[in-house]
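Q: Okay, here's the structure, questions in a sec.
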Amino acid sequence: MNSRRQLFTGLAALAATIVIFVLPFLFIFLTAAKTKQDASLLTFTLPQQWQLWQNFMDVVSARDYMLLLAYFNSTVITVAAVALLVLFGAMVGYVLQRRPSRWNTLIFACVMIGLMVPPAVVPTIWVLQWLDLFKTRTGMVLIQIAYGLAFAVLLFRSFIATIPRDLDEAAIIDGAKPWQIFFRVILPLLKPVTVTVIVVQSIAIFNDFTNPLYYLPGRENVTVQLTLYNFQSQFGTEFNLLFMNILLVTIPPLIVFIFFNRQIVAGMTAGAVKG
Amino acid sequence: MSRTKSPYPYWFILPAAVIFTVLFLVPTLASFWFSLTRWDLFSVEFIGIENYRQFFREPFLIQGLFNTVIYAVTTSAAKTVLGLLLAVLLTSGLWGQGFLRTVMFFPVLVSTIGVGITFTVLMHPTRGIINVALAAIGIHGPGWLTDPTLALYSVVLVDVWKGIGLATVIYIAGLASISPEYYEAARIDGATRTQLFFRVTVPLVKPATVTVVTLSLIGGLRSFDLIWAMTRGGPGFSSDVLASVIYKQYQAGFYGLSTAGNVILFALIAVIILPLTLWFNRKEVEL
Amino acid sequence: MARVVLENICKSFGSVDIMKGISLTVEDGEFCVFVGPSGCGKSTLLRMISGLETVSSGRILIDGEDVTYAEPSRRGIAMVFQSYALYPHLTVRENIGFGLSLARRPKAEIEERVGKIAETLQLSHLLDRKPKALSGGQRQRVAIGRAIIRDPKVFLFDEPLSNLDAALRSQMRVELTDLHAKLKATMIYVTHDQVEAMTMADKIVVLNGGRIEQVGAPMTLYNEPASPFVAGFIGSPKMNLYDGDAAAREGCMVYGIRPEHISLSATDGKWRGTVRHIERLGADLIAHLTVDGLGDLVARCPGDTPMVIGETLFASPVAGKEHKFERGAIG
Ligand SMILES: Nc1ncnc2c1ncn2[C@@H]1O[C@H](COP(=O)(O)OP(=O)(O)O)[C@@H](O)[C@H]1O
Ligand SMILES: [Mg+2]
Numbered sequence: 000m001n002s003r004r005q006l007f008t009g010l011a012a013l014a015a016t017i018v019i020f021v022l023p024f025l026f027i028f029l030t031a032a033k034t035k036q037d038a039s040l041l042t043f044t045l046p047q048q049w050q051l052w053q054n055f056m057d058v059v060s061a062r063d064y065m066l067l068l069a070y071f072n073s074t075v076i077t078v079a080a081v082a083l084l085v086l087f088g089a090m091v092g093y094v095l096q097r098r099p100s101r102w103n104t105l106i107f108a109c110v111m112i113g114l115m116v117p118p119a120v121v122p123t124i125w126v127l128q129w130l131d132l133f134k135t136r137t138g139m140v141l142i143q144i145a146y147g148l149a150f151a152v153l154l155f156r157s158f159i160a161t162i163p164r165d166l167d168e169a170a171i172i173d174g175a176k177p178w179q180i181f182f183r184v185i186l187p188l189l190k191p192v193t194v195t196v197i198v199v200q201s202i203a204i205f206n207d208f209t210n211p212l213y214y215l216p217g218r219e220n221v222t223v224q225l226t227l228y229n230f231q232s233q234f235g236t237e238f239n240l241l242f243m244n245i246l247l248v249t250i251p252p253l254i255v256f257i258f259f260n261r262q263i264v265a266g267m268t269a270g271a272v273k274g
Numbered sequence: 000m001s002r003t004k005s006p007y008p009y010w011f012i013l014p015a016a017v018i019f020t021v022l023f024l025v026p027t028l029a030s031f032w033f034s035l036t037r038w039d040l041f042s043v044e045f046i047g048i049e050n051y052r053q054f055f056r057e058p059f060l061i062q063g064l065f066n067t068v069i070y071a072v073t074t075s076a077a078k079t080v081l082g083l084l085l086a087v088l089l090t091s092g093l094w095g096q097g098f099l100r101t102v103m104f105f106p107v108l109v110s111t112i113g114v115g116i117t118f119t120v121l122m123h124p125t126r127g128i129i130n131v132a133l134a135a136i137g138i139h140g141p142g143w144l145t146d147p148t149l150a151l152y153s154v155v156l157v158d159v160w161k162g163i164g165l166a167t168v169i170y171i172a173g174l175a176s177i178s179p180e181y182y183e184a185a186r187i188d189g190a191t192r193t194q195l196f197f198r199v200t201v202p203l204v205k206p207a208t209v210t211v212v213t214l215s216l217i218g219g220l221r222s223f224d225l226i227w228a229m230t231r232g233g234p235g236f237s238s239d240v241l242a243s244v245i246y247k248q249y250q251a252g253f254y255g256l257s258t259a260g261n262v263i264l265f266a267l268i269a270v271i272i273l274p275l276t277l278w279f280n281r282k283e284v285e286l
Numbered sequence: 000m001a002r003v004v005l006e007n008i009c010k011s012f013g014s015v016d017i018m019k020g021i022s023l024t025v026e027d028g029e030f031c032v033f034v035g036p037s038g039c040g041k042s043t044l045l046r047m048i049s050g051l052e053t054v055s056s057g058r059i060l061i062d063g064e065d066v067t068y069a070e071p072s073r074r075g076i077a078m079v080f081q082s083y084a085l086y087p088h089l090t091v092r093e094n095i096g097f098g099l100s101l102a103r104r105p106k107a108e109i110e111e112r113v114g115k116i117a118e119t120l121q122l123s124h125l126l127d128r129k130p131k132a133l134s135g136g137q138r139q140r141v142a143i144g145r146a147i148i149r150d151p152k153v154f155l156f157d158e159p160l161s162n163l164d165a166a167l168r169s170q171m172r173v174e175l176t177d178l179h180a181k182l183k184a185t186m187i188y189v190t191h192d193q194v195e196a197m198t199m200a201d202k203i204v205v206l207n208g209g210r211i212e213q214v215g216a217p218m219t220l221y222n223e224p225a226s227p228f229v230a231g232f233i234g235s236p237k238m239n240l241y242d243g244d245a246a247a248r249e250g251c252m253v254y255g256i257r258p259e260h261i262s263l264s265a266t267d268g269k270w271r272g273t274v275r276h277i278e279r280l281g282a283d284l285i286a287h288l289t290v291d292g293l294g295d296l297v298a299r300c301p302g303d304t305p306m307v308i309g310e311t312l313f314a315s316p317v318a319g320k321e322h323k324f325e326r327g328a329i330g
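For the protein sequence lines, the chains are B, X and Y, in the order given. Heads up: the first sequence begins at 0 in numbering that gives the first Met the number 0, then just goes up one per residue. Heads up: the second sequence begins at 0 in numbering that gives the first Met the number 0, then just goes up one per residue. Heads up: the third sequence begins at 0 in numbering that gives the first Met the number 0, then just goes up one per residue.
Structure below.
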C-alpha cells in the first residue's frame, strides 16, 4: 500500500476525530475556567481570565457543599453495589457453570430478562416502599445489584468455564467445604474478570442518572449525576460553574479509563466474537 | 446413609435470586396488573384496558411510541454502519490509530447528563459553536433543539457521538477474530477491496454485528437520560419517547398510565428483539 | 490394614451403564494398577473410590470401614490428577500445605511438615514458586507432595504420567516405585499404558467395557491371559490372535501366539509366509509376515537375524506357548 496516502488519510482522520471528539471536552475545560460573563458568551475561546480554582471552590461550596455530599453518596452506593455484585454474580456464575440442572434454563431466562427488559419503575417504587427502602441508599444499592446481576453472571460464568474442575476436586479431597472451594480456590482465580466487572459496573453505577432520579429523590441522598442535573436548572446562567461541575463528573471515569482501558474494552466487547 | 452433598450448593444462588426476584421480577410481573388500574398516590382502582386505550388515543403518547422506534432504529443503524467502517479504518494500520480508538471510546464512559448538557450548549441556535462555525462558512444553521422537526434527530446525533466508540471497539474485536487466511485466499482469487469488504468482512464479522445491533437497539428503545438532559421531550412533545412519557406520567401522579407505558415498552422490545434474535440465529444455521 | 474392598460396584450415568458389577480387593500396601482402553471406566472407578463420584449400587470399604457414602476428605485417601490440578494462585509451599491450612492446623506444624516433604521430593528450593514457573516433572512432584502430606491410607493416581515426555515418564515410573517402597502405602494407579502397568504393578486389574477382564500379577497376565482381550492388551508387540477357520483348525474359538514365541526358519515350519515389512529395533527385529491360511503374523527375533522383504519364510509356534481360548472374541 501507498504509505504516503496512508499518512494523509491518517492525518485527515486524526483532524476529524479531534474536531468531533476532542473539541467538546476542550470546550468543557475552557468554559469551566472562565468568568461568569465570559462563559455566558458560549464561545470557543481561551478564558479572558483563568479562574479554574475559583470556579472549583464555588461549585463545591454551592448549596451547602451539596457536591461533596453527592460524591460521598455516589461513592458509597457504587462501592457497596459493586462489591456485592461481584460476590453474588460470581456465586451464581459458579453454580450455573459447575452444576448442570434443570434450574439452569430458568436462571438463563432470568439473565436474558435482566439484560433486555427495562425495569418497571413505578411498581418497583411500590415494592421499595413496602420494604421501607424507598429513598434510602440501601434500596439504591440493592436496585443497582438487581439491574447489574445479569451482566456479571454472564461474564463470570464464561470465565469460570475456563477453570478446570480438577481444581475443585483437588480441593474437595484436601477437605475443603463448598464455601472454602469457592472463596479459597475459585474466587482468587477470577481476578481478571473481577477487575472487568468492577470497572465496567462502577462506571455504569457512578454515571447512572435514571435510577437515582426515580428511587432516590430527596436532598440528603443526592448523587453526582442528580446534582449535575439540578445544577442545570439552578445555574442556568452560570455556565462556568455548570461546566466545572461537568468537568468534575468526567474526571473519575477518565482516571479509571486511563488505568483499566484494556479491562473495560474486554468487558464491553465480550460476546462480540462468539455471539 | 445419605448421598454425598454436591460441592456446588444451591444456596450460592440465593442472595442473587432474592434480590433479583424481589426488585426485578416482582415489579415486572406487578406492572401487568398495575397497568390495568387507575393508580395514584391514594388509591388503586381496576379499570381494565382504559390506560392502553388512552395511550393510543392521545396523539402525544402515540408520537412518543413512534419517536422511540425512530430513535432506536436510527441510532443503531448509524452505529452499525459507522462502527464497522471506522473499525475497518482503525485496523488498517493507519497512522495514530491507537490514539483515535482511545479518543473515540472515551465518550462511552462519560456521564450522559454531562454530555447532554454540553451539547445543549454547543447546539444553541444563535451562540452555539456549531451554528457559529456554520455561519462562518456561510450556512445558516438550524435550531437544532428548538425546531420540533429536528430536535429528536439532534439527540440521535449526540447519542451516536457518545456510543460510536463502543460499536467500533466491538467491531475491532470481531475483525481481530477473523483469520487473515480468508483475506489471502480471496485475494488469490482476485477479489477487489470492495469485494473483500462485502464478501469476506461483512459476513465473517456477523457475531459483532449481532452484538452491536442488539445492544444499541435495546439501549435505544430504553433511552431516557440523554433525551431528558437535552430536550425534556420538547419542544412540545416532539422529542418525547416512551421512557420520557413514563417519567412524565409518573411525575404527574398517573401511576397506572405510567406503568401502562412501561408494559408497552416491554412489548415493543419483545416485538423487535425476539424476531431479530431468531432471524440472526436462523441465518447462523444456514452458514 | 488399608485394604480396599469393592463389592459389586455399579455405576450408570442416566440410562448408560458404565460399571457393571465390579468386585475387587486391593491388599494393604499393594501397588494396584487399573489398566484398559480409553473410555472403559478406569477413571470413573477411581473417582468412586475417592468419593468424587457417587456409586449407583455396591459397597466400598477402606481399612474395613464402609465409606460408600463418606465425604472424600473422610476416606483417608489422596489423589494425584492427570492435570496435577495445582492451585495456580498459590505457591508450592501453599499448595502442599493447603489441606492442613483448611483444617486450621498451627502454622509451625504446617511449615515443618511441608518442609520435610519438600526435602524428600527435592522441592525445597522451589517452595516459593508458583506452579506456572515449574517444569512438568516438578509439578508432578508437587502434586505427589500434596498427596503425601495428607498421610493417606490409600493413594489414588489417575494417569499421572501421561502429560510428560517419554524420558521423564520412565524416570517418574522409577521414582513412583521407589516412593511406594518407602511409604509402603496402598496405591491404586490408573493408566491406559500397559507398559506402565507391567513395570510398576504388584497387581494388575484389566478393565474392559465396565467389567473386570482379569486380575493378577503382571507375569500371570502375560503368561496366562484369561481372555483374548487380555491377551491382546498385555504385551508388546501385541499377541497374534486369530478366530474363525484358523482358530477352528487349532480346535478353539480364538487362537493366540505371542511374537516372541515364534521361531522362524528358511526351510521348514508350521506356517509358510512372505516377509512384508521389517522393523529393526537394534536388539530385536520385528518381522511382519503374510501367512497362507492365517493372514498377518508378527514375529520377534534377535536383531541380527538376516532378512529381506519379499523373502519366503517358515514360522512355528514355540511349544507350550500357544493360547487357545474357548470363549471371547478379538477386541
Ligand atoms: N459425568 C459423566 N456423564 C456421562 N458419562 C460419563 C461421565 N463421566 C464419564 N462418562 C462416560 O463413562 C465412560 C468411562 O469414562 P472414564 O471413566 O473417564 O474412562 P477412562 O478413564 O477409562 O478413559 C466413558 O464412556 C465416558 O464417556
Ligand atoms: Mg480417564
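Beta carbons are placed, not taken as given, at the ideal position from N, Cα and C, and that holds for glycine.
Determine the DSSP secondary structure at alanine 314 of chain Y, reduced to helix, strand or coil.
A: Of the three classes helix, strand and coil, the one that applies to alanine 314 of chain Y here is strand, per DSSP.
Q: Closest to valine 59 of chain B by CA distance: which of B:Ala119, B:Val116, B:Leu247 is it?
A: Closest option to valine 59 of chain B, Cα to Cα, is B:Leu247.
Q: Please say whether leucine 227 of chain B and glycine 113 of chain X have beta carbons closer to each other than 9 Å?
A: Result yes, Cβ atoms of glycine 113 of chain X and leucine 227 of chain B sit closer than 9 Å.
Q: Mind checking who serine 264 of chain Y pairs with in its DSSP beta bridge?
A: According to DSSP, which records beta bridges pairwise, serine 264 of chain Y is partnered with Y:Phe313.
Q: Let me see if you follow: with CB-CB separation under 9 Å, is tryptophan 49 of chain B close to chain X or not?
A: No, its Cβ sits nowhere closer than 9 Å to a Cβ of chain X.
Q: Alpha carbon to alpha carbon, what distance is there between aspartate 57 of chain B and leucine 240 of chain B?
A: About 7 Å.
Q: List, in order along the chain, the chain Y residues whose C-beta lies closer than 9 Å to that of alanine 175 of chain B?
A: The answer, in chain order, is Ser72, Phe97, Gly98, Leu101.
Q: Once you ignore the five residues that flank leucine 114 of chain B on each side, which residues in its own chain have a CB closer than 6 Å to its CB?
A: Counting only Cβ-Cβ distances below 6 Å, and skipping sequence neighbours, we find Ala149.
Q: Could you tell me whether the Cβ of proline 124 of chain X comes closer than 9 Å to any Cβ of chain B?
A: Chain B contact via Cβ: absent.
Q: If I measure Cβ to Cβ from glycine 13 of chain Y and keep anything under 8 Å in the same chain, skipping five residues before and after, which residues do I get?
A: Around glycine 13 of chain Y: no qualifying Cβ.
Q: Taking proline 58 of chain X as the reference, which of X:Leu93, X:Asp239, X:Leu203 has the closest Cα?
A: The shortest Cα separation from proline 58 of chain X among X:Leu93, X:Asp239, X:Leu203 belongs to X:Asp239.
Q: Is it buried or exposed for isoleucine 204 of chain B, if we count other Cβ within 10 angstroms and need 16 for buried?
A: Isoleucine 204 of chain B comes out buried.
Q: Give me the Cα-Cα distance between leucine 132 of chain B and glycine 137 of chain X, rounded to the nearest whole angstrom.
A: In a straight line, the C-alpha of leucine 132 of chain B is about 57 Å away from that of glycine 137 of chain X.
Q: DSSP state of cysteine 300 of chain Y, grouped into three classes?
A: If DSSP states are grouped into helix, strand and coil, cysteine 300 of chain Y belongs with the strands.
Q: Going by DSSP, what residue range makes up the alpha helix (DSSP H) through methionine 90 of chain B?
A: Here the alpha helix (DSSP H) through methionine 90 of chain B covers 51-97.
Q: What are the boundary residues of the beta strand (DSSP E) that asparagine 239 of chain Y is part of?
A: Unbroken beta strand (DSSP E) run through asparagine 239 of chain Y: 239-241.
Q: Cβ atoms of alanine 12 of chain B and glycine 218 of chain X: under 9 Å apart, would you say?
A: Taking 9 Å as the Cβ cut-off, glycine 218 of chain X and alanine 12 of chain B do not qualify as a contacting pair.
Q: Using the beta-carbon of each residue, find all residues closer than 5 Å to any heavy atom of ligand 1 and list them in chain order.
A: That gives Y:Phe12, Y:Ile17, Y:Ser37, Y:Gly38, Y:Cys39, Y:Gly40, Y:Lys41, Y:Ser42, Y:Thr43.
Q: Do you know offhand how far isoleucine 268 of chain X's Cα is from aspartate 164 of chain Y's?
A: Looking at the two C-alpha atoms, the distance is approximately 57 Å.
Q: Following a CB-centred definition, is glutamate 158 of chain Y positioned closer than 8 Å to any heavy atom of ligand 2?
A: Flag set: Cβ of glutamate 158 of chain Y near ligand 2.
Q: Verify the contact flag: valine 189 of chain Y, CB atom, against every heavy atom of ligand 2, threshold strictly below 8 Å.
A: Yes - ligand 2 has a heavy atom lying nearer than 8 Å to the Cβ of valine 189 of chain Y.
Q: Mind checking whether the beta-carbon of glutamine 137 of chain Y lies closer than 8 Å to any heavy atom of ligand 2?
A: No; taking the cut-off as 8 Å, the Cβ of glutamine 137 of chain Y has no heavy atom of ligand 2 nearer than that.
Q: Three or more C-beta pairs under 8 Å: does that hold for the segment 172-182 of chain Y against the segment 194-214 of chain Y?
A: Yes, the segment 172-182 of chain Y is in contact with the segment 194-214 of chain Y.
Q: Are any of the Cβ atoms in chain B nearer than 9 Å to that of tyrosine 86 of chain Y?
A: Chain B contact via Cβ: present.
Q: Among B:Arg164, B:Ser201, B:Lys176, B:Ile171, which one has its Cα closest to the Cα of leucine 188 of chain B?
A: Cα-wise, what sits closest to leucine 188 of chain B is B:Arg164.
Q: Starting from serine 237 of chain X, follow its DSSP beta bridges and name the residues at the other end.
A: DSSP output for serine 237 of chain X lists no bridge partner at all.
Q: At what residues does the beta strand (DSSP E) containing aspartate 157 of chain Y begin and finish?
A: Segment 153-157, the beta strand (DSSP E) holding aspartate 157 of chain Y.
Q: Could you pull out every residue in the same chain whose Cβ sits closer than 7 Å to the Cβ of threonine 36 of chain X, ignoring the five residues on either side in sequence?
A: Result list for threonine 36 of chain X: Val43, Glu44, Phe45, Ile46, Gly255, in chain order.
Q: Starting from tyrosine 182 of chain X, follow the beta strand (DSSP E) in both directions and report where the run begins and ends.
A: No beta strand (DSSP E) contains tyrosine 182 of chain X, which is instead part of the alpha helix (DSSP H) from 179-187.
Q: Mapping DSSP to helix, strand and coil, what is lysine 134 of chain B?
A: Three-state result, lysine 134 of chain B: coil.
Q: Consult DSSP for asparagine 7 of chain Y and reduce its assignment to one of helix, strand or coil.
A: Of the three classes helix, strand and coil, the one that applies to asparagine 7 of chain Y here is strand, per DSSP.
Q: Could you tell me the alpha carbon to alpha carbon distance between threonine 268 of chain B and proline 252 of chain B, rounded to whole angstroms?
A: Approximately 18 Å, taken between the alpha carbons.
Q: With DSSP collapsed to three states, give me the class of phenylalanine 30 of chain Y.
A: Note: phenylalanine 30 of chain Y maps to strand in three-state DSSP.
Q: Using a 10 Å radius around the Cβ and a threshold of 16 neighbouring Cβ atoms, would you call glycine 252 of chain X buried or exposed?
A: Exposed, since its Cβ has fewer than 16 Cβ neighbours within 10 Å.
Q: Excluding the 5 residues preceding and the 5 following tyrosine 70 of chain X in the sequence, name in chain order all residues of the same chain whose CB lies nearer than 7 Å to its CB.
A: Cβ neighbours of tyrosine 70 of chain X beyond the five flanking positions: Leu151, Val155, Gly219, Ser222, Val240.
Q: Beta-carbon of serine 82 of chain Y versus every beta-carbon of chain B: anything under 9 Å?
A: Closer than 9 Å to some Cβ of chain B, the Cβ of serine 82 of chain Y qualifies, so yes.
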